[in-house]
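My numbering applies: residue 1342 is where the sequence shown begins, and numbers increase by one. We put the beta carbon where it would ideally sit given N, CA and C, even for glycine.
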Amino acid sequence: MAIKHHPDIATLMSCAAGSQPEALAAVVACHISACPSCAAEVKRMAEIGVALFDKLAPAKMSEAAPVIAARAGEAISDDTSRRTSSGDVPFPIADKVGDDLDRIPWKRIGPGLWHYPIPLSAHAAGDLRLIKVAPGMKLPEHGHTGEELTLLLRGSYHDEFGTFAAGDVADLDDEAEHRPVADEKTGCICLIASERKARFKGIFARLMQPFIGV
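Below, the structure written as structure tokens:
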């Protein structure tokens, strides 16, 4: 897998610091489980953080750490057996969705478009879901009202920012607007995390938004 698009350095730093919202952290954890260079960078950042704060007195957590987000730590482990699942689903989300993308109970949300929402911890904000797009399908043009991370799990798509294939991450902020188009032969399956709902331009997409949750 030749990964060409990686999370922004600030995104990796937020992951290493443990300050990312759970949905975003889940996407980063899945990416670094398959990307040695980003895993090494997050590990280096985490080690620097430990060196800076190792003299601080320990404090109890108010609640348990979210499981998905916590698995970013497993993704940078030297134990490779902890960085894989038995199928084609990244291990940080495998216990939530199973390990086979072909066995996901997809829900159709429009022509050539399916999704599968992934539950987060009780008080976690944001949204995390799998999206499957049929070959050649053009998604509605939209912008964002917060950060959005998209990890390609299968196939590819292209948009105003380039072509994204399996393993690649699109790291977009609230200034980005795009219209992804799925590969004409393979379509694509993506893991998408967003801080807040997308900002669609088309009237039909805006009308459907309350029913599909994105």
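**Message:** According to DSSP, simplified to helix, strand and coil, what is I1445?
**Reply:** Here residue 1445 corresponds to residue number 104 of the sequence shown, with the count starting at 1. Coil.
**Asked** Hey, D1441 and V1430 are a contact pair by Cβ (cut 8 Å); roughly how many whole angstroms apart?
**Response** Residue 1441 sits at position 100 when you count from the first residue of the sequence shown. Residue 1430 sits at position 89 when you count from the first residue of the sequence shown. Contact between D1441 and V1430 holds, since their C-beta atoms are separated by about 7 Å, short of 8 Å.
**Item:** Beta-bridge partners of K1526, as assigned by DSSP
**Value:** As a first step, residue 1526 is located in the sequence shown; it is residue number 185 there, counting from the start. Note: K1526 sits in no beta bridge, so no partner.
**Prompt:** Comparing alpha-carbon positions, which option in L1513, P1433, P1521 lies nearest D1349?
**Reply:** As a first step, residue 1349 must be located in the sequence shown, where it is residue number 8. It is L1513 whose Cα lies nearest to the Cα of D1349.
**Asked** Which class does I1450 belong to by DSSP, given the choice of helix, strand or coil?
**Response** Numbered from 1 along the sequence shown, position 109 holds the residue referred to as residue 1450. Looking at I1450 - three-state DSSP - the assignment turns out to be strand.
**Asked** Would H1456 be called buried (16 or more neighbouring beta carbons within 10 Å of its own) or exposed?
**Response** Position 115 of the sequence shown holds residue 1456. Counting the other CB atoms within 10 Å of its CB gives H1456 a total of 16 or more, which places it among the buried residues.
**Message:** Please classify K1526 as buried or exposed, where buried requires at least 16 other C-beta atoms within 10 Å of its C-beta.
**Reply:** One-based indexing of the sequence shown puts residue 1526 at position 185. By the neighbour-count definition (other C-beta atoms within 10 Å, threshold 16), K1526 is an exposed residue.
**As assigned by DSSP and simplified to three states, the class of C1376** = Taking the first residue of the sequence shown as position 1, residue 1376 is located at position 35. Coil at C1376, not helix or strand.
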